[in-house]
Amino acid sequence: MIKENLNTIKKQLPKHVTLVAVSKTKPITDIKEAYDAGQRIFGENKIQEMVTKYDELPKDIEWHMIGHLQRNKVKYMAHFVDLIHGVDSFKTLKEINKQAKKHNRIIKCLLQARIAKEETKFGLSFEEIEMILSDSELQNLENVSVVGLMGMATFTDNKTQVSQEFDTLKQLFSKEKNKKNLSILSMGMSGDYQLAIDSGSNMIRIGSSIFGARNYFV
Ligand SMILES: *Cc1c(COP(=O)(O)O)cnc(C)c1O
């Protein structure tokens, strides 16, 4: 089914939208199936789990960290992670920079914005994002590259609300992108990616619509 699901989703996607297959909690065999169907970008939300999968799978996979970051674990993925979606502080950027430097790499990062009304979602306010982007110290972090923004909408059936939340982040992105050289706007999951694309997302993170429902408690 994984291959069919992938093909169904990919057929609907405009060319400018990148698909991140979110494989968290799923076994290697599932990822291999998606890989054999041509998928090369995978997203995980736990560093340890991503490291284990990286070690076992082909090295042309691009690994994206999409979960909340524990700063003390950044070092475990610094040698291979391609894009970190969930950066929510300058301190974390500094830690990523420090670890990337040890491997002589530049790690791409997205700043996670808090757009949902829910209390539980991590992320920065728009003011905080603007402050980080215009912080002169950012230039000194030579081993990180802030390439865009990420956001998660409220988990609700209210499409108007979800679209509004995506629209506000798109507005911030449009405002900052030329000044700060941002290219990636990561918004949209299985339940809301169409709305996200309509609002201007160019990177979607899809898990359950590709791999099926997850059985786990968070
Ligand atoms: C789990 C997760 C996804 C994928 O969720 P689905 O609803 O299964 O598509 C996307 N983004 C983040 C940050 C996630 O944690």
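The numbers in this note's numbering rise by one with no breaks, and the one at position 77 of the sequence shown is 83.
For each residue, glycine too, the CB sits at the ideal point set by N, CA and C.
On a predicted model such as this, the values are computed, not experimentally measured, just so you know.
Which word fits Phe179, buried or exposed, when buried means at least 16 other C-beta atoms lie within 10 angstroms of its C-beta? For this step, residue 179 is matched to residue 173 along the sequence shown. Buried, since its Cβ has 16 or more Cβ neighbours within 10 Å.
What residue from His22, Asn187, Leu117 and Gln170 has the CA that sits closest to Gly73's CA? Start at 1 with the first residue of the sequence shown, and residue 73 comes out as number 67. Comparing Cα-Cα distances from Gly73 to each of His22, Asn187, Leu117 and Gln170, the minimum goes to Leu117.
Ranges of the alpha helix (DSSP H) found wholly within the stretch 130-182, counting only runs of at least 4: 132-139
What are the boundary residues of the alpha helix (DSSP H) that includes Lys16? Position 10 of the sequence shown holds residue 16. Here the alpha helix (DSSP H) through Lys16 covers Ile8 to Gln18.
Assess, as a yes-or-no matter, whether the stretch 92-110 is touched by the stretch 179-195 under the definition of 3 or more beta carbon pairs within less than 8 Å. no
May I have the straight-line CA-CA distance separating Pro20 from Gly206, to the nearest angstrom? Here residue 20 is taken as the residue at index 14 of the sequence shown, counted from 1. Here residue 206 is taken as the residue at index 200 of the sequence shown, counted from 1. C-alpha separation (whole angstroms): 11 Å.
Could you check whether the stretch 193-211 touches the stretch 29-37, counting it as contact only if at least three pairs of C-beta atoms, one from each stretch, sit closer than 8 Å? With a cut-off of 8 Å on Cβ pairs, the stretch 193-211 is not in contact with the stretch 29-37, counting fewer than three such pairs.
Alpha helix (DSSP H) containing Phe48: first to last residue? Within the sequence shown, the letter at position 42 stands for residue 48. In the DSSP annotation of this structure, Phe48 is not part of any alpha helix (DSSP H); the continuous beta strand (DSSP E) holding it starts and ends at Ile47 to Glu50.
Do you know whose CA, among Asn221, Ile210 and Ala219, lies nearest Thr24's CA? Residue mapping note: residue 24 aligns to position 18 of the sequence shown, counting from 1. The candidate whose alpha carbon is nearest that of Thr24 is Ile210.
Leaving out the 5 sequence neighbours to the left and right, which residues in its chain are closer than 8 Å to Pro64 when beta-carbon positions are compared? The sequence position of residue 64 within the sequence shown is 58, counting from 1. Result list for Pro64: Tyr41, in chain order.
For Met193, three-class secondary structure by DSSP: The residue you call residue 193 lines up with position 187 of the sequence shown. Taken through DSSP and simplified to helix, strand or coil, Met193 comes out as strand.
Just tell me which of Lys183, Tyr82, Lys79 and Asp88 has its CA closest to the CA of Asp66. Counting from 1 along the sequence shown, the entry for residue 66 is found at position 60. Considering only alpha carbons, the answer is Asp88.
Assign Lys272 to buried or exposed, taking buried as 16 or more other Cβ atoms, counted over all protein chains shown, within 10 Å of its Cβ. There is simply no residue 272 to check, as the chain begins at 7 and stops at 224 in what is shown.
Which runs of the beta strand (DSSP E) fall wholly inside the stretch 76-119 and span at least 3 residues, in chain order? List check, beta strand (DSSP E) in window: 89-93 and 113-119.
Paired residues, beta bridge with His74 - DSSP: Locating residue 74 in the sequence shown gives position 68, counting from the first residue. DSSP output for His74 lists no bridge partner at all.
Alpha-carbon spacing of Ser215 relative to Asn11, whole angstroms: Taking the sequence shown and counting its residues from 1, one reaches residue 215 at position 209. Taking the sequence shown and counting its residues from 1, one reaches residue 11 at position 5. If I take the Cα positions, the gap works out to 7 Å.
By the 10 Å Cβ neighbour count, where 16 or more other Cβ atoms means buried, how is Lys32 classified, buried or exposed? Here the question's residue 32 lines up with position 26 in the sequence shown. So Lys32 ends up on the buried side.
Integer-rounded CB distance, given that Leu175 should sit under 8 Å from Ala119: Here residue 119 refers to the residue found at position 113 of the sequence shown. Here residue 175 refers to the residue found at position 169 of the sequence shown. With a Cβ gap of about 5 Å, Ala119 and Leu175 count as contacting.
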